[in-house]
Amino acid sequence: MSTPLDNVALDALFNNARTHSYWQNKPIDKALLEQLYQLTILGPTSANCLPARFVFVTSQEGKQKLAPALSAGNLEKTLAAPATVIVAWDEEFYEQLPTLFPHADARSWFTGSPAFAETTALRNSSLQAGYLILAARSLGLDAGPMSGFDPAKVNEAFFAGTKYKVNLLINLGYGESSKLHDRLPRLSFDEAAKFA
1 MSTPLDNVAL
11 DALFNNARTH
21 SYWQNKPIDK
31 ALLEQLYQLT
41 ILGPTSANCL
51 PARFVFVTSQ
61 EGKQKLAPAL
71 SAGNLEKTLA
81 APATVIVAWD
91 EEFYEQLPTL
101 FPHADARSWF
111 TGSPAFAETT
121 ALRNSSLQAG
131 YLILAARSLG
141 LDAGPMSGFD
151 PAKVNEAFFA
161 GTKYKVNLLI
171 NLGYGESSKL
181 HDRLPRLSFD
191 EAAKFA
């Protein structure tokens with residue numbers, strides 16, 4: 001049985017954690033980004049399919065390559081972030097299933113249905129993006145997930161000739177907390193949930 005997290009951990013992951021748009025001029029060590037990846041892949045995905053593929057954009061060259069795909073509202077904060085993670089999904093993630101899920105012939109579940117494979121990959125890479133945000137917070141980083149970009153331009157710039165497709169972008173770094181807005185409203189339980 002799992003032990004509930006204490007309030008310090010809950011505050012770091014949820015209660016006090018925020019989406020950041022402004023960043024301290026402080027780089028992220030590549031070893032920390034590798035540790036972040038190792039935590040992220042421990043989160044559950046259906047049939048352990050792990051369809052997400054990650055590009056950690058940390059160089060100025062990489063940022064300039066990404067810049068033309070960004071919406072105007074996301075350009076400045078992305079260029080200022082120490083790292084931007086392109087979270088993509090692998091169209092042929094199922095080719096790894098004989099290793100990742102050896103209990104059954106899970107590969108055959110997807111090879112005959114591209115639509116099922118795409119839905120599975122998109123859903124589970126989105127889960128993995130959520131794990132990445134929580135893992136980042138647990139390691140003392142702040143995150144700013146974004147969907148304001150041109151997917152075709154990201155795919156052309158970073159994934160041409162591959163079976164990878166971008167899902168979303170996540171800026172990472174050490175947030176400038178003095179520039180945070182007040183937390184936006186959330187829906188109450190009764191507005192968004194029910195018992196059945």
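With the first letter of the sequence shown counted as 1, position 183 gets the number 183 in the UniProt record's numbering; the numbers rise by one all the way through.
For glycine and all other residues, C-beta sits at the position ideal for the given N, C-alpha and C.
query	result
Would residue 197 be called buried (16 or more neighbouring beta carbons within 10 Å of its own) or exposed?	Since the first residue shown for the chain is 1 and the last is 196, residue 197 is missing from the structure and cannot be characterised.
May I ask which residues mark the beginning and end of the beta strand (DSSP E) holding Leu-169?	164-173
Could one say the Cβ of Ala-136 lies closer than 7 Å to chain B's Cβ atoms, at least one of them?	Among the chains of the structure shown, chain B does not appear; only one protein chain is present.
Does DSSP classify Thr-40 as helix, strand or coil?	helix
Cα separation between Ala-152 and Glu-191?	36 Å
Let me know the alpha helix (DSSP H) ranges lying completely inside the stretch 38-110, each 4 residues or longer, listed in chain order.	60-66, 72-80 and 97-100
Between which residues of its own chain and Phe-93 is the CB-CB distance below 6 Å, once the five residues before and five after are set aside?	Cys-49, Pro-51 and Ala-121
Between which two residues does the alpha helix (DSSP H) containing Gly-144 stretch?	Taken as a continuous stretch (DSSP letters only), Gly-144 belongs to no alpha helix (DSSP H), being part of the beta strand (DSSP E) at 142-146.
To the nearest angstrom, how far is it from the Cα of Ala-115 to the Cα of Leu-42?	26 Å
Can you find the residues in the same chain that come closer than 7 Å, C-beta to C-beta, to Thr-111, ignoring five residues on each side of it along the sequence?	Tyr-94
If you count every other CB in all the chains shown that lies within 10 Å of the CB of residue 238, and 16 or more means buried, which is it?	It is not possible to answer for residue 238, since the shown part of the chain is limited to 1 through 196.
Taking the straight line between their C-alpha atoms, what separation do you get for Leu-169 and Leu-13?	19 Å
Buried or exposed: where does Gly-140 fall if 16 or more other Cβ atoms within 10 Å of its Cβ makes it buried?	exposed
Could you pull the DSSP bridge partners for Thr-19 from this structure?	Ala-143
So, do the stretch 51-62 and the stretch 83-90 have three or more beta carbon pairs nearer to each other than 8 Å?	yes
Can you tell me the Cα-Cα spacing of Ser-126 and Asp-90, whole angstroms?	12 Å
Suppose the cutoff is 6 Å on Cβ atoms and the five residues either side in sequence are ignored; what does the same chain contact list for Asn-74 look like?	Met-146 and Gly-148
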